[in-house]
Every structure is written in structure tokens, then in C-alpha cells.
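UniProt numbering applies: residue 1 is where the sequence shown begins, and numbers increase by one.
Cβ atoms here follow ideal geometry from the backbone N, Cα and C, with glycine treated the same way.
Keep in mind the model is a prediction, meaning the values are calculated, not measured.
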Amino acid sequence: MSEKQTMGFQAEVKQLLQLMIHSLYSNKEIFLRELISNASDASDKLRFEAINHPELYENDSELQITVDFDKAARTITISDNGIGMSKEEAISHLGTIAKSGTKEFFDKLSGDQQKDAALIGQFGVGFYSGFIVADRITVESRRAGVSAAEGVRWESEGTGDFSVETIAKASRGTSITLHLREGEDDFLSAWKLKSTIRTYSDHIALPIKMHKEEWDEEKKELVRKEELETINQASALWARSKSDVTKEQYEEFYKHVSHDYNAPLTYTHNRVEGRSEYTQLLYIPAAAPFDLWDRNKRGGIKLYVKRVFIMDDAEQLMPVYLRFVKGVIDSADLPLNVSREILQESRDIKAIREGSTKRVLSMLEELANAEGDDAAEKHEKYATFWKEFGQVLKEGIGEDQANKDRIAKLLRFASTHNDSDAQNVSLADYLGRMKEGQDKIYYVTAESYDTAKNSPHLEIFRKKGVEVLLLTDRVDEWMLSFLSDFEGKELTSVAKGGLDLGQLEDEAEKKQHEETETEFKDLVEKMKTTLADKAKEVRVTFRLTDSPACLVADEHDMSGNLARMLKAAGQAAPASKPILEINPHHPLVQRLKYEEARFGDWSHILFDQALLAEGGHLEDPSSFVRRLNEMLLSK
């Protein structure tokens, strides 16, 4: 045995422990689920490593978890014979949070107990939940494959530090002993522990065992026997028939694989037969994880082969735009010693990926297009999904050509049809409301809903009662480069190119437009010369009814909104000037026809106002303010 060392927790662990100890979890029983889940993971890791190194089993291949309690000592002990930990691993795993996104995790903590509990689950630090009921935790462990003399004891009272020492431990694996706080004696009961295990951990594929208890008539009490009994079903939940699994069991299994404390939004359980045989149990969460936007952060799908755990982050099984999906895929065809390299090249994996992608899209379609008695509930669930994951699903338009049309039907947008910023308009909804003679789907992109809703580009569309989609997500500009049409109708920006309303304009309007363009030809040329350094072109517009001017991008140029987004991200946008369109019926433009002395100032003010109206930023704000003040003071 080595000398005991005392070490300080990482700052983030201290912060986390404070949250735990102050009863962040609304249900204290969860600690048992978390520790059993960790024990199950340790056994999965041993199975995986033992595929190539069977000697790690040390003549003990019957993996199991045991739960025991000692009323006199007021302790609960959870033990496993899984992979175990070395001294270095105990220090690393139990003393620090060695994960990317730590800062983002703590930034997201809000003080709302329910929301913060969900975040803690997503972050995968369930071990510390033991401190909800314990004021001291002792961990004894030995890694599989090392000598009995290389065990480790880790101990902490959950304050600022922990101790660690080398011990002799005959068996591999880990035992965690919780020294209960005052007032937590309810858990010192076989009935309480068994009912908690059956409620929260029945899905665990390993047997979870406890000592049998029998009534002693002479002592008038329950007496513990040396014999162990299995408390849970101890069979892989996904391998059971759907009719044998309850909704509650499906939900608890989701919490096990996802470390989420909320029930899933929906799930699907299928056995697929054919060229590739596999079982899939896939879930869609009800809330986005804090690291949703980390495209390199995977781990949603656990891969099993013939019920043997293979890996925890099989990214080849689900496309990046579906990275929010959680669950299990169990293949009957893959070899047990499958590597990541084999996964990348495997035809079976390709078939599983394609099949699982289609299954997820079907789940979403069932919510989005539901009919019947439960349609309202399912539509509400889809609205929740869209709010949490809609922006990520949009990535699929550019990344999944095979399913592009299906994804397009699942898209939802805000629109001028509604008075709120709710993204609840589908492209099919839009088509159903198109005006007679309308042959395009019109949209505007902007940095915010208010900017889009108040865009001057919408004025003529409001006048004619034509719906316009309001696109304000950062991914929209990228998505639109891959989504040019929907069911034969072209998607057209109201802020790019010339205004073409097609049959929405009558011949009388077209003739009047031609006459007006002729009338303002000289003014347009003069403004074009004055604004040569700012505007690519100046022209009369008929898209405005209230505003004096607006900016549009040339048909093949980058939109102003996308250029601003690139600039904000520190990327160079292609150099291109916008087109200034002026409203010939506006009093300011009418006045400009006869203005001589301050023609240049008026022209620059009109341009700068148009730039501000679309959410742009002035290159020279002080000149704009000076010109405007002079105009206001002039008679």
C-alpha cells in the first residue's frame, strides 16, 4: 500500500459538486441509476477490449453488477467486475472534467434546478450525483489485466479535495461505497433499493444482483442470505419484442443511453431484415444539448454487434445533420473486432446508415403530418422539435442529396402570413396559399425577425397580398444555395435581382412602369454618377410603396445579409456593390428631381437609409449624421 495523497479538485468539479450537494436533482433516487449506468459502461468497455485481449477476463467472464447496503455502517455499495481504473485514471476521471465544452456547459447553467439537472446529465458527470445522498464516497478499483497489488482507493467528502492511495485488490473492477448523510436512511432498505433498480435500471443488459432476504419468524425480521438474486430483467431492451417493453421502460433506457433527465420526444424500435440484419432503437430528445453546434461532438449512437458493445460514438451510423439522435444499433452481420477503418468502408454500415436515416426522417414525418385524434399532440411535439433542432436539420438540405426532398417538406419558416415569429409555415403550406398566377416562392433573409418583417422589400408583396417567407437563421443563406425550388416552384429572394412578379402584374401596370422609368431616366443617371463609389447601379423600383429607396443584390451576387454574416465571422466576402432602387412616387425622390445644391447629400442619405433599413452598417456614420443634420437645419 502506498502513502495516501491528498489532491485538490479541478475548479469546475468544485462548482459542480456545489450544485449537486444543494439538491440540484429533483429526484434523489437518480444517483443509483447513474452509478449503475456507469458500472454497465465499465462492463461494456471490458467486453470491447477483451475482443482482442481475452486474458482481461481473468477467468471471470460472467459480468454483473451488485448492490449491497449495511444498516449499521449506513452505507450503500455498488460494485462491478468491469474494466476498472488505474490510479492515474481514478485521479483523471474522478478529480477532473476532461471534456471539451466545459466553459460552455457552466455558462449555460441558469439556476433553474430542472434545466440544470438536464445539463448535468448531458455532460456525463453522473458519478458526482452520489454526493446528493452521501457526505463521503469511497471508490476502490483495479484495472483489468494488472496485478492485485495495483488497486487504488479514492475517497472524498465532496468538498475541495480528495485522497488517493494504492491498495491490494484481488478482483478487477470497481466498488463505490456511499456513506449516507443524515436523513437518507430510507435507502438502507432492500425493498427501496430493489424498487429503485426496477424502476430506473431494469433495461440494463447485465444482471444487477442483491442478497436475498427471507423472513425469520423467530427474530421477526428480514434476514439477509448469502445467495444473490437478479433484480432486473438483465436482457438487452432493444432485443426484446416491442410488445414486451412499456413506454416507461423505453423512456428509462433513453435516459441511460443519453444521460438526459427528460423523457424523449419520440422513439422508434425496429428489427430490419434483408441484405443487412440489424436492430435499431432510436430516440429524438425533447431538448437540444448544450454542445449541439459542435459538429465534431458525436456519441449519439451506441454500436453493438450481436449484443456485444463495440463503440460509443459510431458517427458512421448517422449523418452529421442528425447528430441529435440518440440510441442503439445492434448488427447481426458485422465482425466483433470491427474497427473504425472497417466501419468507414463497410457496405453493411452504409446500408445501416441509409436505413437509419430514413427511419429518423419517418419519425419526424409522423409527427409533422399526423392526422387523427392525437394529431394536435404530435404537431405540438414537432413544433418543439423544430424549435430545438430545426437549424441542424436544415444542414441536411446540402449534405444529404438522397433525402433532400423529404427534408425540404419538414422545413418550417416564419412568414408574413402570421403575426408572430413562430417558425410554423411549411413549403407545402405556402404553395397552398399562393395567389392565382403566382409561380414563385418568395423569401427574404435577415439577421432578425423584426428586420425581416419590416424590410422595405416586402412593401409591394403586402400590397398585393403575396406571402413572403422570413428567413433569419444563420444556416438559411447556406441552405438556400442548395434549395433552388420546391415541387417545381422556384425559391426567389425579394432582395436580389430585378422584381419579376410575372402574372401578378397586369398590362396596365407594366405600361405605367415603362413610362415612369423613362420619366426618371435623367435622375437615375445623375444619381448613378454621384454614388459610383457605393452603388453598382441605380434604377427605378416598383417594389416599394412607402419607403423612398432600398438596396438589392444583383442576381448572381452575394446577398447583403450573407456578406455581413461572413464579415462578422472574420471571413472575406467577395467585393460587390449593391444596386440602389428608388421609389418614384415617394416625396423625397420627387424632390430630388429638382434639387441642385444638395443633390449629392440627398443621394448619399437615401443610400445610407436604405442600407440601415436592411440591417447593414454604415462605412462612415459620421458623414451620414452630418449630412442629415444639415438637411434638417436647411430651409
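Could you tell me the distance, in whole angstroms, from the CA atom of residue i to the CA atom of residue j?
{"i": "Leu618", "j": "Leu612", "result": "7 Å"}
{"i": "Arg359", "j": "His269", "result": "10 Å"}
{"i": "residue 640", "j": "Pro289", "result": "Here the chain covers residues 1 to 635 and nothing more, so residue 640 does not appear."}
{"i": "Ala375", "j": "Ala286", "result": "18 Å"}
{"i": "Glu49", "j": "Leu56", "result": "8 Å"}
{"i": "Phe624", "j": "Ala597", "result": "17 Å"}
{"i": "Thr445", "j": "Asp260", "result": "35 Å"}
{"i": "Ile65", "j": "Glu226", "result": "16 Å"}
{"i": "Asp202", "j": "Trp478", "result": "45 Å"}
{"i": "Gln15", "j": "Leu501", "result": "59 Å"}
{"i": "Leu588", "j": "Asp476", "result": "34 Å"}
{"i": "Ala428", "j": "Arg353", "result": "28 Å"}
{"i": "Trp602", "j": "Lys326", "result": "59 Å"}
{"i": "Gly498", "j": "Leu343", "result": "50 Å"}
{"i": "Pro335", "j": "Leu317", "result": "16 Å"}
{"i": "Leu632", "j": "Leu551", "result": "24 Å"}
{"i": "Lys496", "j": "Asp330", "result": "49 Å"}
{"i": "Ser634", "j": "Arg627", "result": "11 Å"}
{"i": "Ser448", "j": "Ser195", "result": "51 Å"}
{"i": "Asn81", "j": "Gly173", "result": "4 Å"}
{"i": "Met527", "j": "Gly600", "result": "8 Å"}
{"i": "Ala149", "j": "Gly390", "result": "54 Å"}
{"i": "Tyr442", "j": "Leu364", "result": "26 Å"}
Starting from residue i, trace the alpha helix (DSSP H) both ways and give me its first and last residue.
{"i": "His93", "result": "87-95"}
{"i": "Ala134", "result": "Note, Ala134: premise wrong, no alpha helix (DSSP H); beta strand (DSSP E) at 134-142."}
{"i": "Ile352", "result": "347-368"}
{"i": "Arg240", "result": "Here Arg240 belongs to no alpha helix (DSSP H), and DSSP marks it neither H nor E."}
{"i": "Glu507", "result": "507-519"}
{"i": "Ile397", "result": "375-399"}
{"i": "Ile441", "result": "Where Ile441 is concerned, there is no enclosing alpha helix (DSSP H), although the beta strand (DSSP E) it sits in stretches over 440-445."}
{"i": "Glu58", "result": "Per DSSP, Glu58 belongs to no alpha helix (DSSP H) and is neither H nor E."}
{"i": "Asp450", "result": "449-453"}
{"i": "Ser195", "result": "190-200"}
{"i": "Leu480", "result": "476-480"}
What is the DSSP secondary structure of residue i, counted as helix, strand or coil?
{"i": "Lys489", "result": "strand"}
{"i": "Ile36", "result": "helix"}
{"i": "Lys14", "result": "helix"}
{"i": "Phe69", "result": "strand"}
{"i": "Val589", "result": "helix"}
{"i": "Met311", "result": "strand"}
{"i": "Glu630", "result": "helix"}
{"i": "Leu606", "result": "helix"}
{"i": "Ser100", "result": "Unreliable positioning characterises Ser100 in this predicted model, as indicated by a pLDDT of 47, which lies under 50. A coordinate reading is not provided."}
{"i": "His321", "result": "In the sequence on display, residue 321 carries Tyr and not His. In the structure shown, Tyr321 sits in a helix (DSSP, three-state: H, G or I)."}
{"i": "Val305", "result": "strand"}
{"i": "Ala42", "result": "helix"}
{"i": "Gly497", "result": "coil"}
{"i": "Ser258", "result": "helix"}
{"i": "Glu537", "result": "strand"}
{"i": "residue 688", "result": "In the structure as shown, the chain begins at 1 and stops at 635. Residue 688 is therefore absent and cannot be evaluated."}
{"i": "Thr177", "result": "strand"}
{"i": "Leu470", "result": "strand"}
{"i": "Lys169", "result": "coil"}
{"i": "Lys526", "result": "helix"}
{"i": "Arg598", "result": "coil"}
{"i": "Thr159", "result": "coil"}
{"i": "Asn403", "result": "helix"}
{"i": "Gln344", "result": "helix"}
{"i": "Glu49", "result": "helix"}
My guess is that residue i and residue j are in contact by the Cβ rule of under 8 Å, so how many angstroms apart are they, rounded?
{"i": "Ser37", "j": "Gly126", "result": "7 Å"}
{"i": "Val133", "j": "Glu182", "result": "Not confirmed; about 11 Å, so no contact."}
{"i": "Ile397", "j": "Phe486", "result": "Between Phe486 and Ile397 the Cβ distance is about 11 Å, and since that is not below 8 Å, they are no contact."}
{"i": "Tyr283", "j": "Tyr254", "result": "5 Å"}
{"i": "Val152", "j": "Gly95", "result": "Not a contact, Cβ separation roughly 12 Å."}
{"i": "Leu178", "j": "Ile76", "result": "5 Å"}
{"i": "Ile83", "j": "Ala170", "result": "Their Cβ separation, rounded to whole angstroms, is 16 Å, which puts Ile83 and Ala170 out of contact at 8 Å."}
So if DSSP puts residue i in a beta bridge, which residue, or which two residues, is it bridged to?
{"i": "Leu282", "result": "Thr268, Gly327"}
{"i": "Val164", "result": "Gln5, Trp154"}
{"i": "Phe413", "result": "Val425"}
{"i": "Leu228", "result": "His211"}
{"i": "Asp216", "result": "Glu221"}
What are the start and end residues of the beta strand (DSSP E) that includes residue i?
{"i": "Met434", "result": "Unbroken run through Met434: none, as it is neither H nor E."}
{"i": "Ile579", "result": "579-582"}
{"i": "Thr75", "result": "75-80"}
{"i": "Leu551", "result": "549-552"}
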